[in-house]
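With positions in the sequence shown counted from 1, the corresponding number in our numbering is that position plus 497. Beta carbons: idealized from backbone N, C-alpha and C, even for Gly.
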Amino acid sequence: CTTIQGFLSPQLATRGGANIIAKRNKTKPFSLHINDNIHSKHNIQFYSTSNDEASDDKSSNPLSKIPRPTLTQILYIWLIFVSGNRLITALPHLEPTMNAMANIALNGVLFAGGFYSFVKSIMGIDYSKLEDLDKKSWANQAGKFSLEGKTPNEFVDPESGNVYSVATFAGGCFWGTELRYQRQEGVIATAVGYTQGNIDKPNYEQVCSGSTGHTEGIQLIYDPTICSYERLVTILLNSINPTLKNQVGNDRGTQYRHGIYFHTEEQREIAESLIDSRQEQFTVPIVTEVKGVDVFWPAENYHQRYLEKGGQSAEKNCEETVRCYG
């Protein structure tokens, strides 16, 4: 048995045939158990100064943080180039005819529209303007944590002083997933957003391209004295087919993969136990991700509480069918 003390982010990973499981507990020692292929066991203790680091390793290549252009953005650029070139060619030889003027007007509109759409597609989200706790939204607070690169385990309400736990899930289209959790007694506030990806500050269009590695997710704060983490995981598993990879309902793609992203060792153990129990119902493997939570980037304001704003009830214990598109 070897004991090492140092500052290291706890992780859950698999490397070189060894299964590595790290236990988090704020500033207290956490244990790292390594089970290799010959069944030898080593217990390694580290002191972690925080639980704010992501559990998945990130590439050391700085270029991995640069978002690749989406197909839509490429089309915008093409539209700008083509319409702009036509304007440059036509303006010096402009004739006062109806056809010439219509051609200039059309290409002007296409150029302006393409330019506006391209700029909008690359603009970041202003996290300071996202909905806050007064609307039972976690988005504004989640934005503050994400900008600091943190993944909190708990949140202390600045007004009431109540301490709430934090949970993160992905269940396909985040509109429907959010509404299901909004209706759960004990869930205090929710936010939809993007997690487990490769770039910082992603927007909806980038994530939808499938090029950033993010999945549409939801992060929430809840009162564990009213609602258990087991209940939250069960809500997710009941709303998906956990054996379908990168698919929930008719939504397909890596941005719709489903997952349970734990903030604590206790959450990990609960998630894995429930997954094991649920596996007995299927003859094919469950592919729902169970990973340490990465930085959660809240989505644009118009996505927050989308179905509630569209008229669907977010009342606690409401049993109406969730209609994902409003």
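Please classify residue 736 as buried or exposed, where buried requires at least 16 other C-beta atoms within 10 Å of its C-beta.
Buried is the call here.
From the DSSP output, in three-state form, read off residue 792 for me.
Here residue 792 sits in coil by DSSP.
Shorter than 7 Å, the distance from the beta carbon of residue 593 to the closest heavy atom of the ligand SAM, or not?
Inclusion of the ligand SAM in the displayed structure is not the case, the ligand content being empty and no account of it being possible.
By Cβ distance, which residues of its chain are closer than 6 Å to residue 694, with the 5 residues on each side in sequence left out?
Around residue 694: 709, 710 and 711.
Where in the region 757-802 do unbroken runs of the beta strand (DSSP E), each at least 3 residues long, occur, reported from the N-terminal end onward?
If we require 3 residues or more, the beta strand (DSSP E) runs fully inside the region 757-802 come out as 786-789.
Verify whether the separation of the beta carbon atoms of residue 757 and residue 727 is less than 8 Å.
No.
Determine the extent of the alpha helix (DSSP H) in which residue 717 is found, giving its start and end residues.
Note, residue 717: premise wrong, no alpha helix (DSSP H); beta strand (DSSP E) at 712-719.
Sorted by chain position, which residues of the same chain lie with C-beta nearer than 8 Å to residue 813's C-beta, five sequence neighbours on each side aside?
The residues are 680, 681 and 682.
Alpha helix (DSSP H) containing residue 819: first to last residue?
Careful: residue 819 lies outside any alpha helix (DSSP H) and carries neither H nor E.
Report the rounded CA-to-CA distance for residue 495 versus residue 684, giving the unit in angstroms.
The structure shown does not extend to residue 495, since the chain is modelled only from 498 through 823, so no value can be given for it.
What is the rounded straight-line gap between the Cα of residue 818 and the Cα of residue 732?
So the two alpha carbons sit approximately 14 Å from each other.
Which parts of the region 685-755 are runs of the beta strand (DSSP E), unbroken and 3 residues or longer, counting only runs that do not cross its ends?
Listed in chain order, they are 712-719.
So, helix, strand or coil for residue 665, using DSSP?
In the structure shown, residue 665 sits in a strand (DSSP, three-state: E or B).
How is residue 805 classed by DSSP in three states: helix, strand or coil?
Three-state result, residue 805: helix.
Answer with buried or exposed for residue 634, where buried requires no fewer than 16 other C-beta atoms within 10 angstroms of its C-beta.
That one is buried.
Drop a sphere of 10 angstroms on the beta-carbon of residue 820, count the other beta-carbons inside from all chains shown, and report buried for 16 or more, exposed for fewer.
Residue 820 is exposed by the Cβ-count criterion.
Could you give the distance in angstroms between the alpha-carbon of residue 599 and the alpha-carbon of residue 574?
So the alpha carbons of these two residues sit roughly 22 Å apart.
Take the Cβ of residue 667 as the centre, count every other Cβ of all protein chains shown within 10 Å, and call the residue buried at 16 or more, exposed below.
Residue 667 should be labelled buried.
Measuring straight from C-alpha to C-alpha, what distance separates residue 675 and residue 687?
Cα to Cα, residue 675 sits roughly 7 Å from residue 687.
Would you call residue 799 buried or exposed, if buried means 16 or more other Cβ atoms sit within 10 Å of its Cβ?
Classification for residue 799: exposed.
Grouping DSSP H, G and I as helix and E and B as strand, with all else coil, what is residue 657?
Residue 657: coil per DSSP, three-state reduction.
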